[in-house]
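Asker: Would you mind keeping the following structure in view while I ask a few things?
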Amino acid sequence: MSFEVTGGVYRSALLSQFPWLHHGFGGRDAADWPPVHHAAVVQVHGSRVVTASEPGSQGDADALVTATPGLYLSVRTADCLPLLMADVRQRRVAAVHAGWRGTVAGIPLAAVQAMGSRPEDVWVAIGPGIGRCCFEVGEEVAREFGRDGRQCIDLFEVNQQKLIDFGVPAGQIAAHAPCTKCTPGAFHSFRRDQAAAGRMHAAIAILQND
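Take the sequence shown: its position 135, counting from 1, is numbered 145 in my numbering, and each next residue is one higher.
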């Protein structure tokens, strides 16, 4: 699935087909995104999901869910994968931060469960993150993925397959976004820039009027 880019914000065609949703993956040049006060978390690379009903910090977690119209949920990334989800039957949304630890822990699946969703009702867009081309890991991390020796891990594929195995239809997952490390003009990357790396916001909301 393709992305449309406006003002440094990348929007997935998969989610843009739903007029009651507003979403976007901010690049390094995105201004005023998210556009209003939003709900966020202190990201800890785990599998905790919180339900948000108002803007502001929601504590330590790596995913947020809501059914509150007008409330933007936001996660910050600079190589980890941002996933934006929508339950199109119940009109609930989620924003997920999935690094390798969260991926192994199943944070996207925990978000689907926290929404109270049937997997077949969930649509998912995975935004820009580090690609297999640039994510080489050592033996210890590779073992967490059931592999031996140094490996290049495809976090997009792993998260997509976990969602499919959980029951989310493959055609409802957009998992082909740019690699953050490969594209310095467009995205921040911690692996590329280390402490100098900025962060990008991915956000989603249920519109108040549709």
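Backbone N, C-alpha and C define an ideal beta-carbon position, used for all residues, glycine too.
No experiment lies behind these values; they were computed from the predicted model shown.
In its own chain, which residues sit with a C-beta less than 6 Å from the C-beta of histidine 32, not counting the 5 before and 5 after it?
Answerer: Ala215 and Leu217
Asker: In the DSSP output, which residue or residues are listed as bridge partners for valine 51?
Answerer: Answer is none; valine 51 lacks a bridge partner.
Asker: Are the Cβ atoms of histidine 211 and arginine 38 separated by less than 8 Å?
Answerer: no
Asker: Just curious, the alpha helix (DSSP H) that valine 98 is in, first and last residue?
Answerer: Taken as a continuous stretch (DSSP letters only), valine 98 belongs to no alpha helix (DSSP H), as it is neither H nor E.
Asker: Aspartate 72 and serine 84: beta carbons closer than 8 Å?
Answerer: Serine 84 sits away from aspartate 72, with the two beta carbons spaced by 8 Å or more.
Asker: At which residues does the beta strand (DSSP E) containing phenylalanine 166 begin and terminate?
Answerer: Unbroken run through phenylalanine 166 is the alpha helix (DSSP H), 165 to 176; no beta strand (DSSP E).
Asker: Around the C-beta of proline 44, are 16 or more other C-beta atoms found within 10 angstroms, so that it is buried, or is it exposed?
Answerer: By the neighbour-count rule (16 or more Cβ atoms within 10 Å), proline 44 is buried.
Asker: Determine the burial state of alanine 206: buried for a count of at least 16 other Cβ atoms within 10 Å of its Cβ, exposed for fewer.
Answerer: exposed
Asker: Residues in its own chain within less than 8 Å of glutamine 100 by CB, not counting five upstream and five downstream?
Answerer: Ala77, Met125, Gly126, Ser127 and Asp131
Asker: Identify which residue in Gly116, Arg160, Val151 and Gln204 has its Cα closest to the Cα of glutamine 170.
Answerer: The residue from Gly116, Arg160, Val151 and Gln204 with its alpha-carbon nearest to that of glutamine 170 is Gly116.
Asker: With H, G and I counted as helix, E and B as strand and the rest as coil, what does DSSP make of isoleucine 140?
Answerer: Here isoleucine 140 sits in coil by DSSP.
Asker: Cβ of alanine 105 versus every heavy atom of the ligand HEM: is any distance shorter than 7 Å?
Answerer: With respect to the ligand HEM, the structure offers nothing, as it holds no ligand at all.
Asker: Kindly confirm or deny that the region 182 to 198 and the region 156 to 163 touch, where touching means at least three C-beta pairs closer than 8 Å.
Answerer: no
Asker: In chain order, what residues of the same chain have a beta carbon less than 7 Å from the beta carbon of lysine 191, not counting five sequence neighbours either side?
Answerer: For lysine 191, where only same-chain residues beyond five positions count, the Cβ hits under 7 Å are Asp89, Ile140, Cys144, Ser199, Arg201 and Arg202.
Asker: With 16 as the cutoff for other CB atoms within 10 Å, does glutamine 204 come out buried or exposed?
Answerer: exposed
Asker: Taking only the alpha-carbon atoms, compute the straight-line gap between glutamine 178 and valine 106 and give it to the nearest angstrom.
Answerer: Here residue 178 is valine; the residue named in the question, glutamine, does not match the sequence. Between valine 178 and valine 106, the C-alpha separation is close to 16 Å.
Asker: For the beta strand (DSSP E) containing valine 60, name the first residue and the last one.
Answerer: Going by DSSP, valine 60 is part of the beta strand (DSSP E) stretching over 59 to 61.
Asker: Select from Glu167, Pro188, Ala40 and Ser26 the residue whose C-alpha is nearest the C-alpha of tryptophan 110.
Answerer: Glu167
Asker: Flag this pair as yes or no: are the beta carbons of glycine 66 and valine 51 separated by less than 8 Å?
Answerer: no
Asker: Provide the residue span of the alpha helix (DSSP H) that contains leucine 119, from first to last.
Answerer: Unbroken alpha helix (DSSP H) run through leucine 119: 117 to 124.
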